[in-house]
Amino acid sequence: MAKHYYDPMLCTCSQENPMTMGITAVLTEEIDAELLKEAAQELRERFAYFYVRAKIEDNDIVVVPNPLPMTVRNTWAPIELASKEANYHLAAIKYEGNRICLEMNHTLSDGAGVLPFFKSLLFVYLSKKTGVSFPVQGFRLPGSEAPVSETGDPFAAVDTDSVQGPLYEKKPTADFYRLPSRNGEEDHIYYLKLPENAVMKYCKENDGSPNVIMAVLIARAIRRVDPQSEKTVTVSVAIDHKSMLGNSENYRMFANAYELDFPQERQLDDIMKSCTLTRGQLMLQAQPENSAWYIKTRKMGFEKMKAMPLQMKLDMLPKAASAVRWTASVSYVNSRSFGPLDPYIKELYCLAEVRSIDVMCEIACINNSFFVAFAQCNSSRELFEALLCELEQAGVPFELMRDEQYHLSGLRYEDL
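Right, here's the structure in full:
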């Protein structure tokens, strides 16, 4: 049985709900396979908590150390994490040309938690590739020791016993807008580059932030495509409970999402008013008291699940975790800079699955540009073209870097 409420909840995952996340960088030069494999191996000791595999203990699936190397493969084709082809790891690295991607099971970490690992991977790799001695400040490198704040209970200093309830709790919207049925279509992803100065100028002029602006523009794009729908468009915005409660160093998965509503009767013509209302919705929910309540309920849920038989968990939890909850999601990871590595990075994208939502929008920022990964649960370009119209109307220049079928690696538990 997992010992702590903050341990990875692998019972929420299945082949149908693999819960995979990723980070992709496009470098200035093609990837050297052997140097990348060396870098991945050298980080094992410093990031031991990511070099793990799944095992059954008592009535739970837990993580244990994995002595096998993390796979590094020269293909963008997906594999299944936790299986033999991934050396049973819950993470894997792939590359193609000058693109590199780290994929990881989301129960191990969130965007804020996995970003330091990816930065360190690029640091060690580029040090080998270029021969440059980069400044080490801001990187978690081999030979350094992980502090307790990074690996221990991320909320040890939070008195959850005194928390009586949330400061504000929004009732979920049940009957929300959905994209047309997949009809067997593949997921599709578009990679956009936006000038940071243009985006921030638009945010300043309209009382917004990057995630608020994108939520409003996505809602407007949906109304542009389907103006007759009376369904409420719902957009989830990712929240990092660790940062909300004062611990931004911990690697553990404590991201969640707050819901923004865009009902049909709300006019979205006035961008500033729309952003102000949207930001107000977000601020009501993004409060330390609400994060503390989330942690308390997570603890209580963990205690209840201790007594559940393993098969019952596997039957119930993945279905609950993969239920579609919102029309779209927006997540903005504070990447900004990789320090001395910036000149070697052309593009940077964060990735998540299109499962509990129909539209995914992940935002990253580096080298004075925002990089947006926009994925959806079908191959139609109609909604994406509508979003481009919204950006054009907003006066935000954009560059489509590429688009392709969207396949993150799956998951299949083997040799438990």
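Numbering-wise (this note's numbering), the sequence shown opens with residue 73 and increments by one.
For glycine and all other residues, C-beta sits at the position ideal for the given N, C-alpha and C.
Asked: Which residues bound the alpha helix (DSSP H) around Phe374?; Found: 360-377
Asked: Does the separation of the CB atoms of Arg351 and Ser394 fall below 8 Å?; Found: no
Asked: Based on the DSSP secondary-structure assignment, which residues constitute the bridge partners of Leu99?; Found: Ile417
Asked: Residues bridged to His161 by DSSP?; Found: Arg125
Asked: Could you tell me if Asn138 is buried or exposed, where buried requires 16 or more neighbouring beta carbons within 10 angstroms of its beta carbon?; Found: buried
Asked: What residues in its chain sit with their C-beta under 7 Å from that of Glu268, if we drop five residues either side in the sequence?; Found: Cys437, Asn440, Ser441, Phe442
Asked: What is the DSSP secondary structure of Gly256, counted as helix, strand or coil?; Found: coil
Asked: Excluding five sequence neighbours on each side, which residues of the same chain lie with their C-beta closer than 6 Å to the C-beta of Ala74?; Found: Asp132, Val134
Asked: Since Asp491 contacts Phe410 with CB under 8 Å, what's their CB separation in whole angstroms?; Found: Any answer about residue 491 is impossible in this case: the structure gives the chain only from 73 up to 488.
Asked: Alpha carbon to alpha carbon, how far is His178 from Glu152? Give it in angstroms, no decimals.; Found: 14 Å
Asked: Kindly indicate the opening and closing residues of the beta strand (DSSP E) around Glu476.; Found: 471-477
Asked: Report yes if the C-beta distance between Leu332 and Ala379 is below 8 Å; otherwise report no.; Found: no
Asked: Can you tell me whether Lys314 is buried or exposed? The criterion is at least 16 other CB atoms within 10 Å of its CB, across all chains shown.; Found: buried
Asked: Could you give the distance in angstroms between the alpha-carbon of Ser155 and the alpha-carbon of Asp487?; Found: 8 Å
Asked: Can you tell me the Cα-Cα spacing of Gly210 and Leu187, whole angstroms?; Found: 12 Å
Asked: Using only CA atoms, which one of Ala293, Phe227, Leu140 lies nearest to Ile343?; Found: Ala293
Asked: Pick helix, strand or coil for Lys75, following the three-state DSSP scheme.; Found: coil
Asked: Between the Cα of Ile417 and the Cα atoms of Ile172, Met272, Tyr160, which residue gives the shortest distance?; Found: Ile172
Asked: Note down, in chain order, each residue of its chain lying with its Cβ closer than 7 Å to the Cβ of Leu460, except the 5 sequence neighbours on either side.; Found: Phe470
Asked: Can you list the beta strand (DSSP E) stretches of 3 or more residues lying completely in the segment 156-202, in chain order?; Found: 163-168, 171-177
Asked: State the DSSP-derived secondary structure class of Phe334, mapped to helix, strand or coil.; Found: strand
Asked: Starting from the C-beta of Cys347, find all residues in its chain whose C-beta is less than 6 Å away, skip the five residues before and the five after it, and write them out in chain order.; Found: Asn278, Asp279, Gly280, Val284, Val288
Asked: Rounded to the nearest angstrom, what separates Met142 and Pro226 at their Cα positions?; Found: 26 Å
Asked: Taking contact to mean at least 3 C-beta pairs separated by less than 8 Å, is the segment 358-369 in contact with the segment 233-249?; Found: yes
Asked: Give me the Cα-Cα distance between Ala184 and Ser407, rounded to the nearest whole angstrom.; Found: 9 Å
Asked: Checking the sheet assignment: what are the DSSP bridge partners for Pro381?; Found: None; Pro381 has no bridge partner.
Asked: Do you know offhand how far Glu157's Cα is from Gln339's?; Found: 51 Å
Asked: Take Met93 as the anchor and find which of Leu463, Ala466, Arg427 has the nearest alpha-carbon.; Found: Arg427
Asked: On a CA-only basis, which of Pro360, Leu389, Ser363, Asn362 is nearest Phe374? Give me that one, please.; Found: Leu389
Asked: So which of Ala218, Asn450, Glu302, Ile103 has the shortest CA-CA distance to Ile165?; Found: Ile103
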